[in-house]
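Data first, discussion second: the structure below is written as structure tokens.
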Amino acid sequence: MKIVLTPQAVTDLEKAVDYYRDIDHELSARFLDDIDAVIARIIAFPKGSPPVEGFEDLRRTRMRQFPYGLFYQQTQISELLVVRVLHSRHHHPDALEG
């Protein structure tokens with residue numbers, strides 16, 4: 168399965184990694200490890216996360232060790248698009264718009 172990140176998702180990740188790196192370099196590495204684990208989980212179970220209310224085909228999965236969620240959709244049988252990577256304080260889907 169191919170994973171594609173939108174430019175906004177890349178920016179979200181860069182900001183989060185920078186934030187954690189400013190605190191502790193090891194913390195930013197753990198954040199990236201958690202991202203890898205989440206991506207592996209959505210590859211294995213693309214429909215395993217609940218749909219986001221009001222957004223057709225969009226799902227949200229939460230990271231296990233950090234307060235972030237990945238918003239994604241399956242765009243093709245073999246492709247997942249990560250739309251945003253947002254802090255959990257962004258519970259409302261309006262945060263997806265940037």
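Using our numbering, you'd call the opening residue of the sequence shown number 168 and step up by one each time. Where a beta carbon is used, it is the ideal one built from N, C-alpha and C, also for glycine.
For residue 208, the enclosing alpha helix (DSSP H) starts and ends at 192-211.
Put simply, the stretch 179-196 does not touch the stretch 211-227. Fewer than three CB pairs are less than 8 Å apart. Following the DSSP letters along the chain, one finds residue 231 in no beta strand (DSSP E), marked with neither H nor E. The DSSP-derived three-state label of residue 237 is strand.
Looking from the CA of residue 216, the closest CA among 198, 203, 201, 236 belongs to 236. Residue 207 and residue 201 have their C-alpha atoms some 10 Å from each other.
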